[in-house]
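Colleague: Residue numbers (my numbering): 35 to 344. A virtual CB, placed ideally from N, CA and C, is assigned to each residue, including glycine.
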Ligand SMILES: [Zn+2]
């Protein structure tokens with residue numbers, strides 16, 4: 035079982051830097067900081083709301099060889115991200131075939147049963163924890179449909195990075211560990227890819243690698259030289275077209291070649307005038323405020339004149 039006091043919980047900046055300098059190169063100080071933030075955030079929610087919140091006890095490897103340290107970190111992450119199983123003697127497991135403890139709804143963490151749906155309502159930690167390099171949040175990376183952008187629960191797999199889809203997810207802390215695991219594995223893959231054995235395997239399977247010199251893939255730009263001086267003009271147009279509906283740059287692509295055959299610029303005076311007019315009409319509320327202010331000024335003026343007379 036997990037032990038409930040984690041040594042790196044109250045780490046100082048210096049201790050964190052020391053931990054980051056050892057072992058896995060990808061586990062940088064920034065990554066460790068995000069990890070701590072995830073844990074602290076979860077604990078805060080636990081303290082203020084009545085949600086049972088777990089603590090993930092990940093101990094970064096301090097192995098002197100960074101590659102071996104990463105391998106160890108990956109192994110540990112797999113272990114920590116395994117969905118919780120029922121014990122062998124639990125009747126649910128042997129009689130009903132329900133092997134996993136938390137496998138009922140996509141708002142629950144498969145490892146610790148934390149109610150993530152409830153957690154999001156109080157404090158969306160997925161939005162606050164982000165990748166230390168790209169700055170993208172866990173929410174953007176894992177909880178949004180990439181096509182529609184709609185929120186969508188992350189679905190955990192029974193073998194962490196492969197296997198069957200479960201009916202469950204990862205809480206912010208486990209989600210962050212899962213994200214780190216993905217990064218570490220990607221880095222490992224990248225290094226294995228450079229291994230000469232890997233290349234030989236590919237060649238055996240009929241895959242050959244041809245390096246294309248950069249100069250030979252020069253962009254094919256069909257713009258005639260004479261038209262190039264108009265580029266700043268078009269850049270200006272494109273910029274203004276974003277501000278007003280009165281400017282439109284229309285491109286007609288040739289259906290056969292896909293090339294831009296005809297470009298038209300449309301200035302629509304009617305729309306310009308309409309937009310100008312709309313800018314000058316204040317909203318109802320603003321107009322009322324103006325009227326009140328006007329009345330006050332008028333009153334003051336009258337009053338001032340009155341006293342002057344006496
Ligand atoms: Zn969890």
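#1: Across the segment 218 to 231 and the segment 153 to 164, are there enough close Cβ pairs to call them in contact, namely three or more that are closer than 8 angstroms?
#2: Using CA coordinates, which residue listed in 116, 94, 138, 139 is at the minimum distance from residue 53?
#3: Using only the heavy atoms of ligand 1, determine whether one of them is closer than 8 angstroms to the beta carbon of residue 146.
#4: Report yes if the C-beta distance between residue 202 and residue 138 is below 9 angstroms; otherwise report no.
#5: Would you report the Cα separation of residue 128 and residue 191, rounded to the nearest angstrom?
#6: Where does residue 270 land, buried or exposed, given buried means 16+ other C-beta within 10 angstroms?
#7: Where does residue 170 land, buried or exposed, given buried means 16+ other C-beta within 10 angstroms?
#8: Considering only DSSP beta bridges, list what residue 185 is partnered with.
#9: In terms of alpha-carbon separation, which member of 194, 279, 326, 204 lies closest to residue 112?
#10: How is residue 200 classed by DSSP in three states: helix, strand or coil?
#11: Is there a C-beta anywhere in chain B that falls below 9 angstroms from the one on residue 123?
#12: Applying the 10 Å Cβ sphere with the 16-neighbour rule, what's the burial state of residue 151?
#13: Tell me the rounded alpha-carbon separation between residue 66 and residue 143.
#14: Could you spell out where the alpha helix (DSSP H) holding residue 285 opens and where it closes?
#15: List the endpoints of the continuous beta strand (DSSP E) containing residue 295.
#16: Taking all protein chains shown into account, do 16 or more other C-beta atoms lie within 10 angstroms of the C-beta of residue 325, making it buried, or fewer, making it exposed?
#17: Less than 8 angstroms separating the Cβ of residue 90 from some heavy atom of ligand 1?
#18: Kindly list the residues whose CB is nearer than 8 angstroms to the CB of residue 37, restricted to its own chain and excluding five residues on each side of it in sequence; keep chain order.
#19: Could you check the C-alpha separation between residue 140 and residue 121 for me, to the nearest Å?
#20: Taking the alpha helix (DSSP H) that residue 345 belongs to, which residues open and close that run?
#21: So who's on the other strand from residue 194, going by DSSP bridges?
#22: Let me know if residue 135 comes out buried or exposed under the rule of 16 or more other beta-carbons within 10 Å of its beta-carbon.
#23: What are the partner residues of residue 149, as DSSP defines its beta bridges?
#24: Going by C-alpha to C-alpha distance, which of 205, 173, 275 sits closest to residue 306?
#25: Assuming the contact rule is C-beta atoms closer than 8 angstroms, residue 118 and residue 146 should be a hit. Round their C-beta distance to whole Å, please.
#26: DSSP three-state call for residue 217: helix, strand or coil?
#27: With H, G and I counted as helix, E and B as strand and the rest as coil, what does DSSP make of residue 134?
#28: Using a Cβ-based criterion (distance less than 8 angstroms to any ligand heavy atom), does residue 204 qualify as near ligand 1?
#29: Apply the 10 Å Cβ neighbour rule to residue 342 and answer buried if 16 or more other Cβ atoms are within range, or exposed otherwise.
#30: Around the C-beta of residue 226, are 16 or more other C-beta atoms found within 10 angstroms, so that it is buried, or is it exposed?
#31: Candidates 260, 205, 236, 223: which alpha carbon is nearest residue 108's?
#32: With a threshold of 8 angstroms, establish whether the CB of residue 213 neighbours any heavy atom of ligand 1.
Modeller: Answer, in terms of the structure:
#1: As far as the Cβ criterion goes, the segment 218 to 231 does not touch the segment 153 to 164, which means the pair count is below three.
#2: For this step, residue 53 is matched to residue 19 along the chain shown. Each of 116, 94, 138, 139 was checked against the Cα of residue 53, and the nearest Cα belongs to 94.
#3: As a first step, residue 146 must be located in the chain shown, where it is residue number 112. For ligand 1, at least one heavy atom lies less than 8 angstroms from the Cβ of residue 146.
#4: By 1-based counting over the chain shown, the position of residue 202 is 168. By 1-based counting over the chain shown, the position of residue 138 is 104. Contact annotation: residue 202 and residue 138 have beta-carbon atoms nearer than 9 angstroms.
#5: Residue 128 sits at position 94 when you count from the first residue of the chain shown. Residue 191 sits at position 157 when you count from the first residue of the chain shown. Rounded to whole angstroms, residue 128 to residue 191 spans 21 angstroms at the Cα level.
#6: Mapped onto the chain shown, residue 270 falls at position 236. Here residue 270 is exposed. Its C-beta has fewer than 16 other C-beta atoms within 10 Å.
#7: The residue labelled residue 170 in the question sits at position 136 within the chain shown. Under the 10 Å beta carbon count, residue 170 is surrounded by fewer than 16 other beta carbons and is classified as exposed.
#8: Counting from one through the chain shown, the residue named residue 185 turns up at place 151. According to DSSP, which records beta bridges pairwise, residue 185 is partnered with 178.
#9: What you label residue 112 is simply residue 78 of the chain shown in a count that begins at 1. Taking the Cα of residue 112 as reference, the smallest distance to any Cα among 194, 279, 326, 204 is reached at 194.
#10: Reading the chain shown from its first residue, position 166 is the one you call residue 200. Reduced to three states, the DSSP call for residue 200 is coil.
#11: Here there is only one protein chain, and chain B is not present.
#12: Here residue 151 corresponds to residue number 117 of the chain shown, with the count starting at 1. Exposed, since its Cβ has fewer than 16 Cβ neighbours within 10 Å.
#13: Position 32 of the chain shown, counted from the start, is the residue given in the question as residue 66. Position 109 of the chain shown, counted from the start, is the residue given in the question as residue 143. Our two residues, residue 66 and residue 143, have alpha carbons roughly 22 angstroms apart in a direct line.
#14: Numbered from 1 along the chain shown, position 251 holds the residue referred to as residue 285. It is not in any alpha helix (DSSP H) - residue 285 instead sits in the beta strand (DSSP E) that spans 281 to 287.
#15: In the chain shown, the residue the question calls residue 295 occupies position 261. Counting along the chain, the beta strand (DSSP E) containing residue 295 begins and ends at 294 to 301.
#16: By 1-based counting over the chain shown, the position of residue 325 is 291. Its Cβ having fewer than 16 others within 10 Å, residue 325 is exposed.
#17: The residue given as residue 90 occupies position 56 in the chain shown. For ligand 1, at least one heavy atom lies less than 8 angstroms from the Cβ of residue 90.
#18: Taking the first residue of the chain shown as 1, we reach residue 37 at position 3. For residue 37, the predicted structure reports a pLDDT of 36, less than 50, and the residue's modelled location is therefore unreliable. The matter cannot be settled from this model.
#19: To locate residue 140, count along the chain shown from 1; it is residue 106. To locate residue 121, count along the chain shown from 1; it is residue 87. In a straight line, the C-alpha of residue 140 is about 22 angstroms away from that of residue 121.
#20: Since the first residue shown for the chain is 35 and the last is 344, residue 345 is missing from the structure and cannot be characterised.
#21: Translated into the one-based positions of the chain shown, residue 194 becomes position 160. DSSP lists 191 as partners of residue 194.
#22: Here residue 135 is taken as the residue at index 101 of the chain shown, counted from 1. Buried.
#23: As a first step, residue 149 must be located in the chain shown, where it is residue number 115. According to DSSP, residue pairing for residue 149 in a beta bridge involves 142.
#24: The count along the chain shown starts at 1 and reaches residue 306 at position 272. For the residues 205, 173, 275, the minimum Cα distance to residue 306 belongs to 275.
#25: One-based indexing of the chain shown puts residue 118 at position 84. One-based indexing of the chain shown puts residue 146 at position 112. In this structure residue 118 is in contact with residue 146, their Cβ atoms being roughly 7 angstroms apart against a cut-off of 8 angstroms.
#26: Looking up residue 217 in the chain shown gives position 183. Helix, per DSSP.
#27: Counting from one through the chain shown, the residue named residue 134 turns up at place 100. DSSP, reduced to helix, strand and coil, places residue 134 within a strand of the structure shown.
#28: Stepping through the chain shown from its first residue, residue 204 is reached at position 170. Yes, the beta carbon of residue 204 sits closer than 8 angstroms to at least one heavy atom of ligand 1.
#29: As a first step, residue 342 is located in the chain shown; it is residue number 308 there, counting from the start. Residue confidence for residue 342 is low, a pLDDT of 45 falling below 50, so the modelled location carries little weight; the figure read from the coordinates is stated next. Burial call: exposed.
#30: Numbered from 1 along the chain shown, position 192 holds the residue referred to as residue 226. With fewer than 16 other Cβ atoms within 10 Å, it is exposed.
#31: For the purposes of this step, residue 108 is taken as the residue at position 74 of the chain shown. Ranking the options by Cα distance to residue 108, first place goes to 223.
#32: Position 179 of the chain shown holds residue 213. Every heavy atom of ligand 1 is 8 angstroms or more from the Cβ of residue 213, so no.
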